[in-house]
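One structure is given below, encoded as structure tokens.
2 protein chains.
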Amino acid sequence: MTDHKNNAIKYAKEHQPSFLATLSQFVSIPSISTNPENKNDMLKAANWLVEHMGKIGLENAKVMPTKGHPVVYADWMHAPGKPTVLVYGHYDVQPVDPIELWNTGPFEAKIDGDYMHGRGTSDMKGQVMATLNAIESIMQSGHFPVNLKFCYEGEEEIGSPSMAEWLEENKQLLAADLCLNPDAGMLSKETPTLTKGLRGLAYFELKVTGPDHDLHSGMAGGIIHNPAQALAELISKMHDEDGKITLPGFYDPVYTISPEEHEEFAQLPHDEAFFKEYAGVDHLWGEKEFIAAERLGGRPTLEINGIIGGFTGEGQKTVLPAWAMAKISCRLVPDQDPEQVHRQMKDFLSQHAPKTIRWELKKLSGSPASVVRQGQPGLQAMANALETEWGKQPVYPREGGSIPIVGYFQKIVGVGSVLTGFGLPDDNLHAPNEHLHLPTWSRGTRALIHFFFNL
Amino acid sequence: MTDHKNNAIKYAKEHQPSFLATLSQFVSIPSISTNPENKNDMLKAANWLVEHMGKIGLENAKVMPTKGHPVVYADWMHAPGKPTVLVYGHYDVQPVDPIELWNTGPFEAKIDGDYMHGRGTSDMKGQVMATLNAIESIMQSGHFPVNLKFCYEGEEEIGSPSMAEWLEENKQLLAADLCLNPDAGMLSKETPTLTKGLRGLAYFELKVTGPDHDLHSGMAGGIIHNPAQALAELISKMHDEDGKITLPGFYDPVYTISPEEHEEFAQLPHDEAFFKEYAGVDHLWGEKEFIAAERLGGRPTLEINGIIGGFTGEGQKTVLPAWAMAKISCRLVPDQDPEQVHRQMKDFLSQHAPKTIRWELKKLSGSPASVVRQGQPGLQAMANALETEWGKQPVYPREGGSIPIVGYFQKIVGVGSVLTGFGLPDDNLHAPNEHLHLPTWSRGTRALIHFFFNL
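Heads up: the sequence lines are chains D and V, in that order.
Note that my numbering numbers the first sequence so that position 154 is 154, with each residue one more than the last.
Note that my numbering numbers the second sequence so that position 5 is 1005, with each residue one more than the last.
Here is the structure:
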């Protein structure tokens, strides 16, 4: 077994050039799940995965349709009596706008020193390939030590709207002892990380309409309620002066951070100085009675992800716009329910919207927060694997991000997730100039090899 | 003289088809002054005017450069002892976005029944052509009864930024007894209108910046002040709950509407029902102690003309945007000063902007309100001309719009303006599907013929 593992590690080290070439291919496919015009690219990325997984010795690799973007399934079930690992990943990526701020083509996969640049390099095509590279390395060095099933989805970046239904229909197929989910990331290059909680998400689109067409501001200003102003007035009321969210009942189901957990948050390596540096700001913002790491991992938020209305080109146009729209999302913590938050947002709007405008609220997605249980299968195997590679024990943060599938796997398939990953906080996820730190990626591949042997 | 006038009226009636064809040509040139990519179209429109003015017998027609878009000048000075009329107009038009809401191509100049559709048909290429058609009709029927000078600018829709300086350099050339300005419009098809006041304008662009790049909302929400939220919070504070503007000192120089003027406003034909119908709303908005016509013509306003930030495409993107921007303009009344309003806006931002964001305020244009004096040359001649064509005396409203040149002509050239025009409130100025009511346009042409003979 030690020889087998050593050979796998050796294989991984020797095959970095081919691993990089394969990742470049995968990154070059613009699989942006939110853009209807990239629908064919989504299928292309799914088929690319099927082909690659077949090549490295996995079986039954196939594209399985859902109501939205397809799932890629595969398995390898030749380790009787050994645990079955459900390997999770997503092959979709975020949009690339604002495109003009990219220093490289977002799908060029340009390598520059220790980095590969491109949309999805870190989130999470790089992580998918780290996993498949680890598996390839073990396969090429002998028999695989555990059974494997795969679920690579195409909707993670849009809130996994089709996955709950698809999982209901395929829960037998996916039955496993544990799920490996490398979409959670590390706190820093030298901080191996095992995420123990993720926030949920409730994403809305709010449109405020005033006049039935754009009006000349000189002929309507002062007598018609400007929808962009009305939308701003509504948004401004969604937080109070202390940064608390004012949706009625919003905090009622929110769990209380215990003194012990507060201590854990306080001991995480990211202090206020780190967050200021990371964001390029002089002052942080938010609930004063919680420290920054707590506000990020343990408290719910409400964010304006986008806003638009009226004339926004160069120069001036004296228009009173007919409508304005905002994309608004809440990050949720235990025990908030996205459906309840949807009702709270509707209640808020009913209470605060003036009769001078009309509003329409669309729910784009919703998923609850998820928590990893202590003693869950695979956790110790991953902790040991990370320690082997990094020479220190991992930290166990609650993270600010959301991965809806974690909750679905728990609830529908009955499988808990081991949440790790080798992306870094400054990888520019969801922003221009996303990149992947290649040395950390290679260490991640080796840690995953250790993980499979530790199970 | 009566024969001469009758012949001119007859000529105008008989030449409607050629007048329509000429207007179509003019409308088809996309002379959008705010768009850098339409710079050549601006020159094309100016040259088109020079050629047309030469054809109808005007002299010295030429394109004169300014620091921005050029002015078209011409004259006809062969009526010694008679007054000189400075004819004003603008050949630039508003942008066409949102383009998808147009039912015809905005520069197609499509005629459908009583209407011509297209950007600039009403504001104000139609008005420019009504004036030139009236002049052509008189020229073709004999000697012109007064002297003429022309100033057709290309910057009205962007606040005339180069005109004050250009007028200083050319005030001798433009010296005249009165200015005819047909950019002011009518209150309805059956309400001949002589505008007695226009609001001024102060136009700003406000950019709020937070983090130095777009962030993942799950990795920054709750600890970084969202710039779109911060912008909304600032905008929401620019009006109080009674619809009053809160810029410090904003109302100090605002003139008081006298009881007599209140009566005049109350007698204008546009009541609340009209404005609701015009805008397609169930409820009006604004300062409760003033009636709608007063709020529009006699009170200052602050409007959000546009707002943008973050992700605004289809679907969802969980981004905390790096910045958000709003276009904000104030309509001004006597005796507000646009420079003072600029300082008031800066004071407001200094007072209210939190330290968690940075802001930048650009002043895009500024012009004071203007008022027509009783007994001013040409006013009675126009009142009589309108009465001849419409069979009733005109109304004298203060209008909500702004025409910076009126103040500049008064202050720099020393010439008062006769403010009329034949555009209608429902012509969709500055909005998709702008159109011109052709029967009113023809009546306007005839009224202008009467006007020149009345002087």
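Ideal placement from N, C-alpha and C gives every residue a C-beta, glycine not left out.
Query, Result
"Unbroken alpha helix (DSSP H) runs of length 4 or more, entirely within the region 396-438 of chain D: which are they?", "404-408"
"When you compare each of D:H78, D:P95, D:A184 and D:E51 to P397 (chain D) by their alpha carbons, which one comes out closest?", "D:A184"
"Confirm, please, whether the CB-CB distance from P1248 (chain V) to Q1344 (chain V) is below 8 Å.", "yes"
"With a CB to CB cut of under 6 Å and the five nearest residues on each side skipped, what residues in its chain are close to K44 (chain D)?", "I29"
"Per DSSP, which one or two residues make a beta bridge with S1370 (chain V)?", "V:L1198"
"Assuming H430 (chain D) contacts A322 (chain D) under a Cβ cut-off of 8 Å, what Cβ separation, rounded to an integer in Å, is found between them?", "So it is not a contact: roughly 30 Å between Cβ atoms."
"Strictly under 8 Å for the Cβ-Cβ distance: is G310 (chain D) near chain V by that measure?", "yes"
"Quick one: which unbroken beta strand (DSSP E) runs of 3-plus residues sit fully inside the region 29-66 of chain D? Chain order, please.", "59-64"
"Select from the region 218-233 of chain D all residues with a C-beta closer than 8 Å to any C-beta belonging to chain V, and list them in chain order.", "G218, M219, A220, G221, G222, I223, I224, H225, N226, A228, Q229, L231, A232 and E233"
"Can you find a CB in chain D that lies within less than 8 Å of the CB of F1274 (chain V)?", "no"
"Report the partner residues of W1076 (chain V) according to the DSSP bridge assignment.", "V:L1148"
"Note down the Cα distance separating P1334 (chain V) from P1253 (chain V), rounded to an integer number of angstroms.", "7 Å"
"What's the call for P517 (chain D), buried or exposed, on a 16-neighbour Cβ count within 10 Å?", "Here chain D covers residues 1 to 455 and nothing more, so residue 517 (chain D) does not appear."
"Shorter than 8 Å from the beta carbon of K1171 (chain V) to some beta carbon of chain D?", "no"
"Pick from V:E1399, V:A1326, V:F1107 and V:M1382: whose alpha carbon is nearest that of L1268 (chain V)?", "V:E1399"
"Grouping DSSP H, G and I as helix and E and B as strand, with all else coil, what is L268 (chain D)?", "coil"
"For I1412 (chain V), which of V:P1098, V:N1170 and V:E1389 has the nearest alpha-carbon?", "V:N1170"
"Quick one: Cα of G68 (chain D) to Cα of S33 (chain D), how far?", "9 Å"
"Looking at chain V, which residues of the region 374-402 of chain D have a Cβ within less than 8 Å of any of its Cβ atoms?", "E399, G400, G401 and S402"
"Note down, in chain order, every chain D residue with its Cβ under 9 Å from the Cβ of E1314 (chain V).", "T34, N35 and P36"
"Please report the straight-line C-alpha distance between T22 (chain D) and P394 (chain D), rounded to a whole angstrom.", "29 Å"
"Would you call the region 287-303 of chain D and the region 1288-1305 of chain V in contact, with 3 or more CB pairs under 8 Å?", "no"
"Kindly provide the ranges of any beta strand (DSSP E) runs that are 3 or more residues long and lie completely inside the region 1287-1327 of chain V, ordered along the chain.", "1301-1310"
"Drop a sphere of 10 angstroms on the beta-carbon of T440 (chain D), count the other beta-carbons inside from all chains shown, and report buried for 16 or more, exposed for fewer.", "buried"
"Which runs of the beta strand (DSSP E) fall wholly inside the region 1334-1360 of chain V and span at least 3 residues, in chain order?", "none"
"Please look up how many angstroms separate the CB atoms of W1048 (chain V) and L1148 (chain V), rounded, as I've assumed it's under 8 Å.", "The Cβ separation is near 19 Å, so there is no contact."
"For E1339 (chain V), which residues in the same chain have their Cβ closer than 7 Å to its Cβ, ignoring the five residues on either side in sequence?", "G1366"
"Give the straight-line distance between the Cα atoms of A1447 (chain V) and A1175 (chain V), rounded to the nearest whole angstrom.", "25 Å"
"Under three-state DSSP, which class holds F1019 (chain V)?", "helix"
"Decide if A273 (chain D) is buried, meaning its Cβ has at least 16 other Cβ atoms within 10 Å, or exposed.", "exposed"
"Measuring CB atoms only, is the region 253-264 of chain D touching the region 358-365 of chain D, in the sense that at least three cross pairs come out at less than 8 Å?", "no"
"If the criterion is Cβ atoms closer than 8 Å, does the pair M1163 (chain V) and Y1408 (chain V) meet it?", "yes"
"Taking only three categories from DSSP, how would you classify H1216 (chain V)?", "strand"
"For the beta strand (DSSP E) containing T388 (chain D), name the first residue and the last one.", "Run containing T388 (chain D): none in the beta strand (DSSP E); it sits in the alpha helix (DSSP H), L379 to W390."
"Would E1233 (chain V) be called buried (16 or more neighbouring beta carbons within 10 Å of its own) or exposed?", "buried"
"Using a cut-off of 9 Å between C-beta atoms, extract the partners of E1263 (chain V) located in chain D.", "Residues of chain D passing the Cβ test: none, with the nearest at roughly 19 Å."
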